[in-house]
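Right, one structure below, let's go through it.
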Amino acid sequence: MSLSSLFYNFRQGFKNIWRNRMFSMASITTMAACILLFSIFFSILINVNYIIRTLEEEVGISVLFDEGTTDERIKEIGLTIMDMEHVTDISFTSAEEAWEEFSREYFEGNEELAESFGSDNPLAYSASYTVHVDEIEFQSGVVAAIEKLENVRKVNQSASAVNTLIGFNTLVTYGSIAIIAILLVVAVFLISNTVSIGISVRRHEIAIMKYIGATDSFVRAPFIVEGFLLGAIGAAIPLVIMIFAYDKLIGFVLTRFEILATLSSSLPTAAQVFQTLIPVGLALGVGIGLFGSIITVRKHLSV
Amino acid sequence: MIDFDHVSKSYEKGQPAVNDITLHVDKGEFVFVVGESGSGKSTLIKLLLHELMPTNGQITVNDHVLSTLRHKDIPKYRREIGVVFQDFRLLNDRNVYENVAFAQHVVETPVWRIRKRVPEVLQMVGLAEKYRSLPRQLSGGEQQRVAVARAIVNKPALVLADEPTGNLDPRNSLDIMNLLQKINDNGTTVLVVTHNRELVDMFHKRVITMRRGIISSDVEEGKYHES
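Protein sequence lines, in the order shown, are assigned to chains L and C. Counted the way the numbering used here counts, the first sequence spans residues 1 to 303. Counted the way the numbering used here counts, the second sequence spans residues 1001 to 1227.
Shown next, in the form of structure tokens:
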């Protein structure tokens, strides 16, 4: 199709929308509601995921050994853990380092109390490994595997908050998928309805076009353009709203779910969120618009 | 230009609308097709437009064998035919210029060529001054001239006119016939289906008379005779 024909069909697509403005408005509003909900859930999910990823980097597993375990055996245990699936990082803290760190934190300002211990190390059997895994979901599996190792006295994990977040994330994901799916079906139905009304209004014009020698694609193009525009406009409106309302939305969620604010010191910036949200939201809107119009054109417009 | 070789067209019930017609029209000819209602004239036009397919026989138009035409080639074929209807079939929400330009947009003519060609054609049909008027602001004769302009703007090899004067008074009917004559003088083949006895008799062209689906007479420089 030539450039001038493309412009012509775009103009016709706009005219179709204007001619059936009531139905067009209904389609755009439904699409906008759908994309707005998607944007809200997407923003929440991306923030929760960001917090989870941050915590995954911070939350580790502590591995302590039986009394009298030799340095060679501790090294062997370290190598075994390193070879385990999902383990990304392992660091060793000797008993001396553990006591040093503890006394520095615990006796801060009262160093003389720490000195009273002299050369005794109350944490003599507290050498440990700190182990990090790639995704927090796999932490329990790794802990179970380490606990089975010989000479391992205790394994500590502190992932309960993260697990709660994962549960929350899963709940939001499934809830949003269900709501968005219902709205998408409604949006496709409304777009299909709008396009089929456009086709019936233009029956006379389509018949003339066919007598004159219009190709199938030329006859169909304005209706496909119409679906594209309905989808694009329906997606653009909520995305613009989100750009202005994003900070307030995140502020509201952090106020309602204070645990999120305490778990992570930083959150993704609006730019980080929108660099994904805008293309995905637009693609979703345009995709639904095109899908709705194409199925309608195939059904109602035999050329 | 047009060849009908033993062409028949039957609908589900009743006798065939067109029954074993053999017909040849040369390039550049002007032909009237006359006959009473139900004689098969409209079916003839629909067959030529590839709107209907014959039940039997073969139709060839401008070297296209219509029975072998693929679906995707139908638009290309139709671009070689200009068609004028009794009820004008203009787009009422578009002005004269846009109605004629529409035919060029549809066949994807570049805009610069449309801007050159449409005024030429409007000049030819005598509507250059009224290019901004909407169809409802025009008389019946003027509306039919817009329809003729739309039919010829893409320079077709064949113009089919189905009762082009059916809704017009005698003066406007004569104007439209003169216009079709002018188009024919420029080398375009013209086939006019009509009931207008006076005009047929006035123009002394080839007259094909149809009756109950068959050609009852085919006379060079003939006259209208229904009986």
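Think of the CB as a built atom: it goes at the ideal place given N, C-alpha and C, for glycine as much as any other residue.
With a Cβ-Cβ cutoff of 7 Å, do Glu-1029 of chain C and Thr-1194 of chain C count as a contact?
-> no
What did DSSP end up calling Met-84 of chain L once you bin it into helix, strand or coil?
-> coil
Identify the continuous alpha helix (DSSP H) that holds Tyr-254 of chain L and give its terminal residues.
-> The amino acid occupying residue 254 of chain L in the given sequence is Leu; Tyr does not appear at that position. Its alpha helix (DSSP H) spans residues 216-256.
Identify each residue in the region 1102-1123 of chain C for which the Cβ-Cβ distance to at least one residue of chain L is less than 7 Å, and report them in chain order.
-> When C-beta distances to chain L are compared with 7 Å, the residues of the region 1102-1123 of chain C below that value are Ala-1103, His-1105, Val-1106, Val-1107, Glu-1108, Pro-1110 and Val-1111, in chain order.
Which residues bound the beta strand (DSSP E) around Asn-1019 of chain C?
-> Segment 1018-1025, the beta strand (DSSP E) holding Asn-1019 of chain C.
Beta-bridge pairing of Gln-1181 of chain C - partner residues as DSSP gives them = BP columns for Gln-1181 of chain C are empty, so no partner.
Under 7 Å between C-beta atoms, does Val-1083 of chain C make it to chain L?
-> yes
Can you name the start and end residues of the alpha helix (DSSP H) that Met-1053 of chain C belongs to?
-> Note, Met-1053 of chain C: premise wrong, no alpha helix (DSSP H); not H, not E.
State yes or no: is the beta carbon of Arg-1171 of chain C nearer than 7 Å to at least one beta carbon in chain L?
-> no
Do Thr-296 of chain L and Ser-200 of chain L have their C-beta atoms closer together than 7 Å?
-> no
Hey, is Arg-1089 of chain C's beta-carbon within less than 7 Å of any beta-carbon in chain L?
-> Taking a beta-carbon distance threshold of 7 Å, Arg-1089 of chain C counts as an interface residue toward chain L.
Could you give the distance in angstroms between the alpha-carbon of Ile-1152 of chain C and the alpha-carbon of Ala-232 of chain L?
-> 39 Å
Using DSSP with H/G/I as helix, E/B as strand and the rest coil, what is Asn-1186 of chain C?
-> coil
Are the beta-carbon atoms belonging to Val-1096 of chain C and Val-1146 of chain C less than 7 Å from one another?
-> yes
Just by C-beta distance, which residues in the region 191-205 of chain L are closer than 8 Å to chain C?
-> His-204 and Glu-205
Measuring only between beta-carbons, confirm whether Pro-1075 of chain C sits less than 7 Å from chain L.
-> yes
Residue environment, Asn-185 of chain L, which counts as buried when at least 16 other CB atoms sit within 10 Å = First, the residue type needs correcting, since residue 185 of chain L is Val and not Asn in the sequence shown. Looking at its Cβ environment, which holds fewer than 16 other Cβ atoms inside 10 Å, Val-185 of chain L is exposed.
Do the region 207-214 of chain L and the region 62-76 of chain L make contact, defined as three or more Cβ pairs closer than 8 Å?
-> no
Since I believe Phe-65 of chain L is in contact with Asn-156 of chain L (beta carbons under 8 Å), could you give me their beta-carbon distance rounded to a whole number of angstroms?
-> Going by Cβ atoms, the distance from Asn-156 of chain L to Phe-65 of chain L rounds to 13 Å, so no, they are not a contact pair.
Which residues in the same chain as Ile-180 of chain L place their Cβ atom closer than 8 Å to its Cβ, once the five residues preceding and following it in sequence are excluded?
-> Cys-34, Leu-37, Phe-38 and Phe-41
Select from C:Leu-1168, C:Pro-1164 and C:Ile-1002 the residue whose C-alpha is nearest the C-alpha of Ile-1181 of chain C.
-> Strictly speaking, residue 1181 of chain C in this sequence is Gln, with Ile absent from that position. For Gln-1181 of chain C, the closest alpha carbon among the candidates C:Leu-1168, C:Pro-1164 and C:Ile-1002 is that of C:Pro-1164.
Own chain partners of Val-1219 of chain C with C-beta closer than 6 Å, once the 5 adjacent residues on each side are dropped = Val-1207
Do Gly-289 of chain L and Gly-227 of chain L have their CB atoms nearer than 7 Å?
-> yes
Inter-residue Cα distance where the pair is Val-1084 of chain C and Gln-1144 of chain C = 8 Å
Can the beta-carbon of Val-1007 of chain C be found less than 7 Å from the beta-carbon of Tyr-1224 of chain C?
-> no
Nearest CA to the CA of Leu-1044 of chain C: which residue from C:Glu-1221, C:Pro-1170 and C:Ala-1161?
-> C:Ala-1161
Could you tell me which residues DSSP pairs with Leu-267 of chain L in its beta bridges?
-> According to DSSP, Leu-267 of chain L bridges with nothing at all.
Please determine, among L:Val-195, L:Phe-252, L:Ala-221 and L:Thr-173, the residue with the shortest C-alpha to C-alpha distance to Glu-1108 of chain C.
-> Ranking the options by Cα distance to Glu-1108 of chain C, first place goes to L:Ala-221.
Could you tell me which of L:Gln-139, L:Asn-47, L:Arg-203 and L:Leu-45 sits nearest to Ser-62 of chain L, measuring between CA atoms?
-> The residue with the shortest Cα to Cα distance from Ser-62 of chain L is L:Gln-139.
DSSP puts Thr-130 of chain L in a beta bridge; with which residues?
-> In the DSSP output, where bridge partners are listed per residue, Thr-130 of chain L has L:Ser-62 and L:Ser-91.
Mind checking whether Gly-1040 of chain C and Val-1061 of chain C have CB atoms under 7 Å apart?
-> no
Verify the CB distance criterion: does Met-31 of chain L have a CB-CB separation below 7 Å to chain C?
-> no
Under 8 Å Cβ-Cβ, which residues of chain L neighbour Arg-1079 of chain C?
-> Ile-212 and Gly-213
C-beta contact flag for Lys-1009 of chain C and Thr-1055 of chain C at 7 Å | yes
Find the residues of chain C that neighbour Ser-24 of chain L, judging by a C-beta separation of less than 8 Å, and give them in chain order.
-> Under the 8 Å cutoff, chain C gives no residues; its nearest Cβ is about 17 Å from Ser-24 of chain L.
Do you know whose CA, among C:Asn-1178, C:Val-1200 and C:Phe-1032, lies nearest Val-1125 of chain C's CA?
-> C:Asn-1178
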